[in-house]
Each structure stands twice: as structure tokens, then as C-alpha cells.
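Here the structure is laid out as C-alpha cells; the discussion comes afterwards.
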Amino acid sequence: MFAAAAPPQPRAAALEVPADGRVLVVANRASGSTEAQAAVDLLRQRLSERGRWVDELALVAGRVEEMLRAALSSVTYQAIYVAGGDGTVLAVVEALAGRPTPIAIIPCGTMNWTARDLGIPLDPGAAIDALLDAEVRHIDLGRVNGKPFLCACMVGFGSLLARWRERERTRDSNPWVLWPKLAWRGLSLIQRYRHLRLRLHTNERHERLRARALVVTANLIDDRSGPVPCRPRLDAGQLGLYAVRDASGIELMRLGVRLMFGTWQQDDALLATAASHAEIGVGRRRAVSVMCDGERVRLRTPLRFTLERATVAMLVPRTV
Numbered sequence: 648m649f650a651a652a653a654p655p656q657p658r659a660a661a662l663e664v665p666a667d668g669r670v671l672v673v674a675n676r677a678s679g680s681t682e683a684q685a686a687v688d689l690l691r692q693r694l695s696e697r698g699r700w701v702d703e704l705a706l707v708a709g710r711v712e713e714m715l716r717a718a719l720s721s722v723t724y725q726a727i728y729v730a731g732g733d734g735t736v737l738a739v740v741e742a743l744a745g746r747p748t749p750i751a752i753i754p755c756g757t758m759n760w761t762a763r764d765l766g767i768p769l770d771p772g773a774a775i776d777a778l779l780d781a782e783v784r785h786i787d788l789g790r791v792n793g794k795p796f797l798c799a800c801m802v803g804f805g806s807l808l809a810r811w812r813e814r815e816r817t818r819d820s821n822p823w824v825l826w827p828k829l830a831w832r833g834l835s836l837i838q839r840y841r842h843l844r845l846r847l848h849t850n851e852r853h854e855r856l857r858a859r860a861l862v863v864t865a866n867l868i869d870d871r872s873g874p875v876p877c878r879p880r881l882d883a884g885q886l887g888l889y890a891v892r893d894a895s896g897i898e899l900m901r902l903g904v905r906l907m908f909g910t911w912q913q914d915d916a917l918l919a920t921a922a923s924h925a926e927i928g929v930g931r932r933r934a935v936s937v938m939c940d941g942e943r944v945r946l947r948t949p950l951r952f953t954l955e956r957a958t959v960a961m962l963v964p965r966t967v
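Using the numbering used here, you'd call the opening residue of the sequence shown number 648 and step up by one each time.
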């Protein structure tokens, strides 16, 4: 296991957007919240009041990558505001392709993990108010076989869980409701999902194990996290690897209880370790389906995980 506590994140740099600076508002109105349109309207109003020139891009399913590339190809924006969830934020990061334009998240998705860990209010109106006076923080970007992720890559029963999550998008968006439901649903699916034969190779560890699921996070989850996981640092340069072993139903139920009370990393049914990079073999499979920040993709094996340090510029509420 590894220590839960992490040193405080370095102080962010203040954002200085010129009074006539041009910004882009990206909206995913299918990302899990009916508040997205109202959030976009309020954001446009607040930015216009501050003299910003605002362009708006309403994403269409199936054309997200194409639309973002086109929007960013001819204009250099001072900042990009994203009204959506983790998947929409990741799409913007991919489209930027390493350009230093800072991203502000207006949480309108299902989980909003990145926004929570950056200290952005989950209420869209409160987030807009907080981010009008913002500063820039650079965070790490995970990659698996070159595919980026800001939060986590899930291997195993992720496809089943993703389909269930899609059905939940139209229901309660409160994370204190969604995360426990997701955890319990995941445990019930795990019991029906065939185990994977994994070969885990890191800079310090080489292990073969049978696991129901593997989650690799961009930076470590706090040991004390309860039903809502929290990463104290997003710039510490460490991958978190969490494998649910091929355990019995009783052992999985025990793990579920510990998930609720924040003692889950002490459970024998869970392997938890940290690494700067990792390679994962999956039985004899030549390719597997994974879920990166909630979006499913099929990748060839072995899965090679890396972390790019402080490569994504994010806007966060200004600290005193």
C-alpha cells in the first residue's frame, strides 16, 4: 500500500485574459445534465459583461472530434470553457493536442471527477462565479497505448458498467448518490464477470494475478476516500493501479462495505500500488475494451500506461 496523504499542490499561476480576449464555450448537452443549456447561457452573459468575445460550439454526438478540430484550427483562444462531463473535457484535451490553452470546467456531466478534484463547485452557477476569477494549474495526463485519460482507465467489466451508467444519466446527478450506486452496481456485475489473467509489470513490481477488474488512475486516490473517490494531487506524477482480485461473493461484499467507509485499500480482495509507468498483459487476448474517462475504446495488448507531467493547463478557483 502507499501513503494516503499528499503534500499540498503547488500554487497556481494567475490567469490574465485580456479584456477583449476571445474565448470558446464548448457545450455537450447530452452529457448527463439538463442544466447544460442554462449554464451556457449564464456563462455567455457573465463573460460578455467582462468584455470577452465569446464563441460557442454545441457538440453533436458522433462528430465531437471533427467539430473540435475545426473550431480550434483557425482561432487561438485565450481560454476554453467546457460545459459537460469528464468525457467532454477529455475530448477538448485531445483536440488541443498539447497546445497550452487553459480549460475551465463547468460541471454538467454524470461524475465530474476532474472538476471535483480541482476544487471546482459542482453547481454550474457556482462554478461559473468561481472561474470568472481563476488561476491556471497544470495537471498530469495519463495515457494507455497513446490514448489519453485525465481520470481513470478501466479494464474488465467496464463495458457493462458504462452501459448501466448511460441509463443513469437522466436520473439524479448528485455524486453522493451516483458514486455509491455505481460502486454497488459494479460489485454485482463483478460477480458475474469472468476473471482476467493479468500480467502486471511496473518499475518496482512484477506479478501475475487473476482479477475481475483493473482501474488505473492518473495520480493516486486518497486512502481515506469513502464512496466518492478523491485524488489529493493531480500533478504528483504517479499512476494508481487498483485490481479487484478474483474473490468470493462474501469477500466482494466486504469490499463493498469498506468502499462506503473509506477503508477499502486495506482489503485483501484489492491490489493497490503506485507506479510511474506500467505494462499490463491480458491473458492471450490481442485486444481488449477499456473505458477511458467514461468513453469506451478497444486497444491492442499489452496495455502500456504512462503519465505526462504537468502537461494540461486547467483553470481553477483562485486561492487567497
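Don't be surprised by glycine CBs; every beta carbon is placed ideally from N, CA and C.
- Here the C-alpha atom of A925 lies approximately 7 angstroms from the C-alpha atom of N850.
- Just so you know, the alpha carbons of A781 and E682 end up roughly 22 angstroms apart.
- In the three-state reduction of the DSSP assignment, S936 falls in the strand class, which pools E and B.
- Non-local beta-carbon contacts of L704 in its own chain, meaning distances under 8 angstroms to residues more than five positions away in sequence, involve L671, V672, V673, A674, M714, L715, A718 in chain order.
- Here G793 is exposed, its C-beta having fewer than 16 other C-beta atoms within 10 Å.
- V963 and A774 have their C-alpha atoms spaced approximately 9 angstroms apart.
- Using a Cβ distance threshold of 8 angstroms, A751 and Y724 do not count as a contacting pair.
- Only buried fits T735, as 16 or more other CB atoms lie within 10 angstroms of its CB.
- The beta carbons of I927 and L867 sit no closer together than 8 angstroms.
- 8 angstroms or more divides the Cβ of I786 from the Cβ of A921.
- Beta-bridge partners assigned by DSSP to M801: V862, M938.
- In the DSSP assignment, E741 falls within the alpha helix (DSSP H) that extends over 733 to 743.
- Sorting D869, V863, L743 by C-alpha distance to the C-alpha of P879 places D869 at the top.
- Around the beta carbon of G803, 16 or more other beta carbons sit within 10 angstroms, so the residue counts as buried.
- DSSP places P771 in the helix class (H, G or I) of the three-state scheme.
- If you look at R691, you'll find it in the alpha helix (DSSP H) that goes 683 to 696.
- Residue environment analysis places V740 among the buried positions, since at least 16 neighbouring C-beta atoms fall within 10 angstroms of its C-beta.
- Residue environment analysis places P754 among the buried positions, since at least 16 neighbouring C-beta atoms fall within 10 angstroms of its C-beta.
- Looking at the DSSP output, R763 sits in no beta bridge, so it has no partner there.
- Leaving aside the five residues that flank R857 on each side, the residues in its chain whose CB is nearer than 8 angstroms to its CB run, in chain order, H842, L843, R844, L845, R892, D893.
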